[in-house]
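Sequences listed follow chains Z and G, in order.
First residue of the first sequence? That's 1 in full-length UniProt numbering, and the numbers climb one at a time after it.
First residue of the second sequence? That's 1 in full-length UniProt numbering, and the numbers climb one at a time after it.
Beta carbons are placed, not taken as given, at the ideal position from N, Cα and C, and that holds for glycine.
As the structure is a computational prediction, the values presented were derived from the model and not from experiment.
Accompanying notes for the structure given below.
There are 2 protein chains.
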Amino acid sequence: MARQERAVRTRRAILEAAAAVFDERGYDAATIADILSRAGVTKGALYFHFSSKQELAQGVLDEQFAEGGVPHRESKLQELVDVAMVLAYRMKREPMLSAGARLSLGPGMRDIFGGGSVPGWIEFTRTLLVRAKEQGELLPHVDPAETAWILSACWTGAQIYSQTLSDRSDIEERVAAVYQHICPSIATPAMLARLDIAGDRGERVSAEMRRGPGRGATQEAEPALS
Amino acid sequence: MARQERAVRTRRAILEAAAAVFDERGYDAATIADILSRAGVTKGALYFHFSSKQELAQGVLDEQFAEGGVPHRESKLQELVDVAMVLAYRMKREPMLSAGARLSLGPGMRDIFGGGSVPGWIEFTRTLLVRAKEQGELLPHVDPAETAWILSACWTGAQIYSQTLSDRSDIEERVAAVYQHICPSIATPAMLARLDIAGDRGERVSAEMRRGPGRGATQEAEPALS
């Protein structure tokens, strides 16, 4: 039991070191030696958990969304905004997330990781948009598959610009502005009037998630749909 | 004269080879040896024009937009759409452009190239939006600086997703969809009704540019604003 716990902790330390190295140097330039010296573990320990650089990167990608989603909302468009804003909030604070984003993008990455987390992220967005549309939150012309692609791509563009131009200091305001620019084209006016797309939405939802359910938090933060 | 012409041609060949190598491998992984063997020139010829890998990359970045802009339009929002769509059209066909995009983005690139072409691209967009707003094409709440940032970032996000997921085969439809999702939030209804954001807009404007002015092309393609 203690041995298993130690193994879990070692695996996590290796993945965190790998994420930091991939985030700083990119997949091609990163070496297992870099990751070893960052993690402070033996070569044997690393190879016990991961047999190659590619497996390490896959581990980082798998870990990316392992923490679970935001609280469910009656409005699925609000839930989508919450996911986008919480990710922006966490992206600034967790190398595991930003490394995942870097591993998912760029030429060559498709061949190695099949687009990384991008196809899953688009599909997740599409599913929420389909439900939002069924509930009457979206305008009739909206094609959930197309809009899911666009929302995901624009989120990523804002993330990359914010990283390139300001070291992500403004990522939350920028992601909010993306949604503020797109939601009026896809949501009904009644939905728009109830949508919370403020720049601090990610921070507030993250606090709600830390408090956990059962303290009225979900109800309090959830925008009423009807 | 002949010698100078040869020098210009050699410089161009080196830049094209550099663009192809940066586009495929990224800045960090690219080597001058790769570029030399791709360009088929001597080491002496290369170092006569460029003293370092960084100078080569800067040369690619400078070349990116050297071809000049799209035809002027009475509607500045249409002109902006045209620039975005022509870039999408050319990005699929010219390594110089896609290499420039790759060099402009990502961690570390800011320190080396000051964000590459990104700040200039945002500022160019802002200038057109300011004029569009002065002409009454935009809704009163639009902040040209913020919207310029968002439009540029979303363009880039669509470019990267298209490259990662489909080798840029759908880049024109995706960039058009970005504008179709954002313009209703920023343009007046009368402007929207006149805006041409079809997926083949870039191809049509490029053909117009090849035909050149003086054949009625500009008038024909320009959407009337009043």
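Within 7 Å of the CB of P184 (chain G), the CB atoms of chain Z belong to P184 and S185, in sequence order along the chain.
Residues of the stretch 19-33 of chain G whose Cβ lies closer than 9 Å to any Cβ of chain Z, in chain order: D23, E24, R25, G26, D28 and A29.
Per DSSP, the continuous alpha helix (DSSP H) segment holding Q78 (chain G) begins and ends at K76 to M91.
In the structure shown, L195 (chain Z) falls within a coil segment according to DSSP collapsed to helix, strand and coil. The alpha-carbon separation between L77 (chain Z) and A20 (chain Z) amounts to approximately 32 Å. Under the three-pair Cβ rule at 8 Å, the stretch 94-106 of chain G does not count as touching the stretch 36-51 of chain G.
Residues of the stretch 148-161 of chain Z whose Cβ lies closer than 9 Å to any Cβ of chain G, in chain order: W149, I150, L151, S152, A153, C154, W155, T156, G157, A158, Q159, I160 and Y161.
If you ignore the 5 residues before and after A39 (chain Z), its C-beta comes within less than 6 Å of the C-beta of A13, I14 and A17, all in its own chain and listed in chain order.
Around the beta carbon of D82 (chain Z), 16 or more other beta carbons lie within 10 angstroms, which makes this residue buried. In this structure, the beta-carbon distance from E208 (chain Z) to K92 (chain Z) does not fall below 9 Å.
R38 (chain G): member of the alpha helix (DSSP H) spanning I32 to A39, first to last residue. Secondary-structure assignment with DSSP links A187 (chain Z) through a beta bridge to Z:L138. In the structure shown, the three-state DSSP call for R168 (chain G) is coil. Against chain G, the beta carbon of L105 (chain Z) has neighbours under 7 Å at I160 and T164, listed in chain order.
Residues of chain Z whose Cβ lies closer than 8 Å to the Cβ of V178 (chain G) are, in chain order, I150, A153 and C154. For the pair Y161 (chain Z) and A153 (chain G), the Cα-to-Cα distance works out to about 6 Å. Nearest to L129 (chain G) by C-alpha distance, out of G:A190, G:Q163 and G:I150, is G:I150.
Look at E146 (chain G): its C-beta is under 9 Å from a C-beta on chain Z. The Cβ-Cβ distance between T188 (chain Z) and E134 (chain Z) does not fall below 9 Å. In the structure shown, R73 (chain Z) falls within a coil segment according to DSSP collapsed to helix, strand and coil. Bounds of the alpha helix (DSSP H) holding E55 (chain G) are K53 to E63. When Cβ-Cβ separations below 9 Å define contact, R9 (chain G) makes no contact with chain Z.
Taking C-beta separations shorter than 7 Å and ignoring five residues to either side along the sequence, the partners of V175 (chain G) in its chain run A84, M85, A88, W155 and A158, following chain order. Counting every other CB atom within 10 Å of its CB across the protein chains shown gives Q54 (chain Z) a total below 16, marking it as exposed. Under the 10 Å beta carbon count, A30 (chain G) is surrounded by 16 or more other beta carbons and is classified as buried. By the CB criterion at 9 Å, R102 (chain Z) and D28 (chain G) fall outside the cutoff.
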